[in-house]
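The structure appears below as structure tokens.
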Amino acid sequence: MFFSKLFVPILKNNPTEAKIKSHQLMLRTGMIKQSSAGIYSWLPFGFKVMKKIEQIVREEQNNIGAQEILMPTIQSSEIWMESGRYQDYGEEMLRIKDRQDREMLYGPTNEELVTDIFRSSVKSYKSLPQLLYHIQWKFRDELRPRFGIMRCREFYMKDAYSFDLSDEEAQYSYNKFFISYLKTFKRLELSAIPMAADTGPIGGNLSHEFIILADTGESKIYTDKRIFDVNSDNIRIDKNSLLNLRNEYEKFYAVTDEKYNKNEFEKNVNKENRLNTKGIEVGHIFYFGDKYSKSMNASVDHKGKKEFVKMGSYGIGVSRLVGAIIEAKYDDKNGVMRWPLSVSPYDCVIIVSISKNDTSNLEKSVKLFELLKKNNIEAIIDDTDENFSSKIKKFNLIGIPYQLILGKNSESDKIEFRDVGKESNNYSIEKILEILKSKK
Ligand code: ATP
Ligand code: MG
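One point on numbering: in my numbering, the residue at position 405 of the sequence shown is 405, and numbering is uninterrupted.
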């Protein structure tokens with residue numbers, strides 16, 4: 001309940017090694033600590049945010065009928081030899097030998113492992129579709145880890161896999177993930193645009209990357225601006241509605257640089273609608289048919305005939321999203337961050353002016369804290385003895401969206417209330433409760 005008791009190692013100044021604002025802010029506000037190149041520990045504030053993002057991702061996976069499992073981080077090389085990717089994956093894969101000299105690896109992704117789980121237990125087409133996901137650490141030995149947790153070596157990913165009998169059914173599964181991604185990013189207050197993408201080493205020919213616009217993003221994008229106006233609210237999860245939605249998006253040219261073709265861009269998009277900018281990839285979905293099911297012999301019996309299942313895979317960078325939200329929300333010039341309430345480490349902070357021989361303000365803040373708690377509002381009290389204006393500055397950076405301020409002369413029954421980055425107002429506690437409850 002008291003900020004002075006939390007483990008939040010705040011830095012006075014921007015760390016010089018950090019080049020982009022999310023990396024700076026995460027170090028500055030004690031959310032992460034680097035342990036070695038591209039590998040980070042998550043400290044309480046950072047961890048809380050990531051766990052809240054994870055929970056939103058989870059709920060939207062469950063909403064389309066996907067089932068959660070948990071696969072290990074360490075995998076055996078055998079299944080990767082079966083699929084043919086053991087050599088192909090190259091140096092990004094961290095390879096390990098166990099004491100029996102068996103070749104193991106730290107999973108960069110899980111197509112092989114989930115296919116192995118599927119083939120050993122699903123035998124009939126009647127069990128299809130199956131949509132399975134897990135949220136687990138991945139390791140990729142990136143050539144140039146940088147930008148903090150945006151491109152690191154160990155990162156937290158939600159990856160899902162779909163298994164269907166036919167191409168048409170598999171596209172339906174693909175479209176379910178398509179809508180679940182739009183909903184997930186909307187709940188995080190991000191505007192993520194699905195863009196046609198290359199499938200890379202995963203294989204296949206249908207793929208979308210979900211990109212949020214940001215100057216510091218590593219993806220180059222070429223798009224028709226009108227794609228931002230496609231409305232994805234209130235879409236039903238049936239085959240036709242989902243197909244129509246995808247068609248709505250695909251009407252507009254929107255690609256990442258591997259798919260970019262200058263002539264096509266200029267032919268399809270009027271000059272005034274062309275947008276050529278940078279973005280952050282926060283999710284990526286693939287349809288690759290029987291690429292893995294054939295090589296790994298994952299089939300079902302369909303009325304006496306053996307059919308290789310049609311598969312897709314669907315990733316969200318859960319840890320990268322922490323940084324992506326900062327890139328989207330942090331006002332670097334004024335030093336103001338505002339977390340969406342849905343993922344903020346706390347709902348509000350009570351900032352108290354403390355004087356040595358008068359503890360009445362602190363007592364007042366504890367009462368306020370208890371009242372908020374009763375109303376399911378999670379607060380933290382800044383009881384440190386820093387001066388008042390540096391407390392405000394600190395919390396503008398930390399980004400808890402609502403500040404309740406008990407200043408020196410706060411005698412009256414009104415409390416100063418601020419939506420971070422905006423003007424403050426003096427409200428009664430009833431009014432503040434009403435506002436906070438309406439936002440939850
Ligand atoms: P990128 O193009 O950024 O290297 P990718 O296409 O290799 O990513 P996918 O295999 O599609 O990545 O992984 C799914 C998601 O995991 C990505 O959309 C991204 O959000 C996240 N991700 C991938 N690599 C990293 C990384 N090195 N650090 C943090 N997040 C990552
Ligand atoms: Mg990708």
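C-beta: ideal position from N, C-alpha, C; glycine also.
With DSSP as the reference, label Lys306 as helix, strand or coil.
The residue labelled residue 306 in the question sits at position 306 within the sequence shown. The answer is strand: DSSP assigns Lys306 an E or B state.
Just mark Asp167 as buried or exposed, buried being the case when its beta carbon has 16 or more other beta carbons within 10 Å.
Indexing the sequence shown from 1 puts residue 167 at position 167. Classification of Asp167: exposed, given that the 10 Å Cβ count is below 16.
Considering just the uninterrupted stretch of the beta strand (DSSP E) at Arg151, what are its terminal residues?
As a working mapping, residue 151 is identified with position 151 in the sequence shown. Note, Arg151: premise wrong, no beta strand (DSSP E); not H, not E.
By alpha-carbon positions, which one of Ile117, Tyr86 and Phe118 ends up nearest to Met104?
Here residue 104 refers to the residue found at position 104 when the sequence shown is read from its first residue. Considering only alpha carbons, the answer is Tyr86.
Counting only the same chain and skipping the five closest in sequence on each side, list residues whose C-beta sits under 6 Å from that of Tyr222.
The sequence position of residue 222 within the sequence shown is 222, counting from 1. Within the same chain, Tyr222 has close Cβ partners Val255, Tyr260, Phe265 and Asn276.
I'd like to confirm something about His208: is its beta-carbon nearer than 7 Å to some heavy atom of ligand 1, or not?
One-based indexing of the sequence shown puts residue 208 at position 208. Not under cutoff, so the answer is no.
Rounded to the nearest angstrom, how far is the Cβ of Ile53 from that of Val322, given a contact under 8 Å?
By one-based count along the sequence shown, residue 53 stands at place 53. By one-based count along the sequence shown, residue 322 stands at place 322. With 8 Å as the limit, Ile53 and Val322 qualify as a contact, their Cβ atoms being about 7 Å apart.
Taking only the alpha-carbon atoms, compute the straight-line gap between Trp80 and Glu112 and give it to the nearest angstrom.
For the purposes of this step, residue 80 is taken as the residue at position 80 of the sequence shown. For the purposes of this step, residue 112 is taken as the residue at position 112 of the sequence shown. Roughly 6 Å between the two C-alpha positions.
May I have the straight-line CA-CA distance separating Leu128 from Phe3, to the nearest angstrom?
In the sequence shown, the residue the question calls residue 128 occupies position 128. In the sequence shown, the residue the question calls residue 3 occupies position 3. Answer to the nearest angstrom: the Cα atoms are 50 Å apart.
Please look up how many angstroms separate the CB atoms of Ser22 and Met150, rounded, as I've assumed it's under 8 Å.
Your numbering for residue 22 matches position 22 in the sequence shown. Your numbering for residue 150 matches position 150 in the sequence shown. Their Cβ separation, rounded to whole angstroms, is 6 Å, which keeps Ser22 and Met150 in contact under 8 Å.
Would the beta-carbon of Tyr287 fall within 8 Å of that of Leu206?
The residue given as residue 287 occupies position 287 in the sequence shown. The residue given as residue 206 occupies position 206 in the sequence shown. Cβ atoms of Tyr287 and Leu206: closer than 8 Å.
Can you tell me whether Ala160 is buried or exposed? The criterion is at least 16 other CB atoms within 10 Å of its CB, across all chains shown.
The residue you call residue 160 lines up with position 160 of the sequence shown. Ala160 comes out buried.
How should Phe147 be labelled, buried or exposed, when 16 other C-beta atoms within 10 angstroms of its C-beta is the threshold for buried?
Within the sequence shown, residue 147 is the residue found at index 147, counting from 1. Per the 10 Å Cβ criterion, buried.
Let me check you understand the geometry: is the CB of Met157 closer than 7 Å to at least one non-hydrogen atom of ligand 1?
Sequence index remark: in the sequence shown, residue 157 carries index 157 (1-based). Flag set: Cβ of Met157 near ligand 1.
Give the DSSP bridge partners of Val336, in chain order.
Locating residue 336 in the sequence shown gives position 336, where the first residue counts as 1. DSSP, once it has assigned bridges, lists Asp331 as partnering Val336.
Expressed to the nearest angstrom, what Euclidean distance is found between the alpha-carbon atoms of Asp290 and Val309?
On the sequence shown, position 290 is the one that residue 290 refers to. On the sequence shown, position 309 is the one that residue 309 refers to. For Asp290 and Val309, the distance between alpha carbons rounds to 6 Å.
For Ile429, collect the residues of the same chain with a Cβ closer than 8 Å to its Cβ; drop the 5 residues on either side in sequence, then sort them by chain order.
Here the question's residue 429 lines up with position 429 in the sequence shown. Leu368, Leu371, Asp413 and Ile415.
Rounded to whole angstroms, how far is the Cβ of Phe139 from the Cβ of Leu182, which I believe are closer than 8 Å?
The residue given as residue 139 occupies position 139 in the sequence shown. The residue given as residue 182 occupies position 182 in the sequence shown. Contact doesn't hold; Cβ gap of about 29 Å is too wide.
Please state the DSSP three-state secondary structure of Gln24.
Along the sequence shown, one-based indexing puts residue 24 at 24. Here Gln24 sits in helix by DSSP.
Does the distance between the C-beta of Asn49 and the nearest non-hydrogen atom of ligand 1 fall short of 7 Å?
For the purposes of this step, residue 49 is identified with residue 49 of the sequence shown, where counting begins at 1. Reading off the sequence shown, one finds Val at residue 49, where the question assumed Asn. No, Cβ of Val49 sits at least 7 Å from all heavy atoms of ligand 1.
Ends of the beta strand (DSSP E) at Leu404?
Locating residue 404 in the sequence shown gives position 404, counting from the first residue. Element bounds for Leu404: Tyr402 to Leu406.
Does ligand 1 have even one heavy atom less than 7 Å from the beta-carbon of Ile506?
Residue 506 lies beyond the range of the chain shown here (1 to 440); nothing can be said about it.
Note the first and the last residue of the continuous alpha helix (DSSP H) segment covering Asn234.
For the purposes of this step, residue 234 is identified with residue 234 of the sequence shown, where counting begins at 1. Secondary structure note for Asn234: it is in no alpha helix (DSSP H), with a DSSP letter that is neither H nor E.
If Leu27 sits next to Ala18, beta carbons under 8 Å apart, how far is it from one beta carbon to the other, in whole angstroms?
In the sequence shown, counting from the first residue as 1, residue 27 sits at position 27. In the sequence shown, counting from the first residue as 1, residue 18 sits at position 18. Indeed they touch by this definition, with Cβ atoms about 6 Å apart.
Check whether the Cβ of Thr109 sits closer than 7 Å to any heavy atom of ligand 1, and report yes or no.
Translated into the one-based positions of the sequence shown, residue 109 becomes position 109. Thr109 Cβ: within cutoff of ligand 1.
Across which residues does DSSP place Val352 in a beta bridge pair?
Looking up residue 352 in the sequence shown gives position 352. Answer is Leu406, bridged to Val352.
Indicate, with yes or no, if ligand 1 has a heavy atom lying under 7 Å from the CB of Gly46.
For the purposes of this step, residue 46 is identified with residue 46 of the sequence shown, where counting begins at 1. No, Cβ of Gly46 sits at least 7 Å from all heavy atoms of ligand 1.
Going by Cα to Cα distance, which pick from Gly421, Arg236, Gln55 and Phe118 is closest to Lys333?
Here residue 333 corresponds to residue number 333 of the sequence shown, with the count starting at 1. Relative to the Cα of Lys333, the nearest Cα in the group Gly421, Arg236, Gln55 and Phe118 belongs to Gly421.
Use the C-beta contact count for Ser389: other C-beta atoms within 10 angstroms, 16 or more gives buried, fewer gives exposed.
Taking the sequence shown and counting its residues from 1, the one referred to as residue 389 is at position 389. Taking every protein chain shown into account, the CB of Ser389 has fewer than 16 other CB atoms within 10 angstroms, so this residue is exposed.
Return yes when the Cβ of Ile211 is within less than 8 Å of the Cβ of Ile193, no when it is not.
Counted from its first residue, the sequence shown places residue 193 at position 193. Counted from its first residue, the sequence shown places residue 211 at position 211. Closer than 8 Å, so yes.
Relative to the C-alpha of Leu11, which candidate in Ile20, Met1 and Met31 has its C-alpha closest?
Here residue 11 refers to the residue found at position 11 when the sequence shown is read from its first residue. The option with the nearest alpha carbon to Leu11 is Met31.
Could you tell me whether the Cβ atoms of Ala324 and Ile280 are closer together than 8 Å?
For the purposes of this step, residue 324 is taken as residue 324 along the sequence shown, with counting starting at 1. For the purposes of this step, residue 280 is taken as residue 280 along the sequence shown, with counting starting at 1. Yes, these two residues count as a Cβ contact at 8 Å.
DSSP three-state call for Phe288: helix, strand or coil?
Taking the sequence shown and counting its residues from 1, one reaches residue 288 at position 288. Strand at Phe288.
Sorted by chain position, which residues of the same chain lie with C-beta nearer than 7 Å to Gly46's C-beta, five sequence neighbours on each side aside?
Here residue 46 corresponds to residue number 46 of the sequence shown, with the count starting at 1. Only Met26, Met31, Ile32 and Val322 meet the Cβ criterion.
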